[in-house]
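FYI, UniProt numbering numbers position 12 of the sequence shown as 12, with every residue one higher than the one before it.
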Amino acid sequence: MNKSALKIGKRLIKVDRFAYISSTLSQNVHIYNEVNFRLESISSTFCRLHQNVWKWHHYSDQAESISFSAALYITPCI
Numbered sequence: 001m002n003k004s005a006l007k008i009g010k011r012l013i014k015v016d017r018f019a020y021i022s023s024t025l026s027q028n029v030h031i032y033n034e035v036n037f038r039l040e041s042i043s044s045t046f047c048r049l050h051q052n053v054w055k056w057h058h059y060s061d062q063a064e065s066i067s068f069s070a071a072l073y074i075t076p077c078i
């Protein structure tokens, strides 16, 4: 094997390695973007859930106090 063929072989290995690394990085960026998208989606879903639970808790407390005060108002004193 002559030196020229050896140089070409080494260059091909470098090009192949570069193509593999850049392809892997591209896939990793895609995976990273997908993970971030899903985390943002989960975060917004959790935020909406938290808001709904707070509203439910707040309004149920109000409803209990209204029904309790209405019961006091309606219930005759003995």
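Where a beta carbon is used, it is the ideal one built from N, C-alpha and C, also for glycine. As the structure is a prediction and not an experimental result, all values here were calculated from the model.
Here N2 carries a coil assignment [DSSP, helix/strand/coil]. Between N52 and S44, the alpha-carbon positions lie close to 12 angstroms from each other. Annotation: N28 to R48 spans about 30 angstroms, alpha carbon to alpha carbon. Here the alpha carbons of F18 and I8 stand approximately 15 angstroms from one another.
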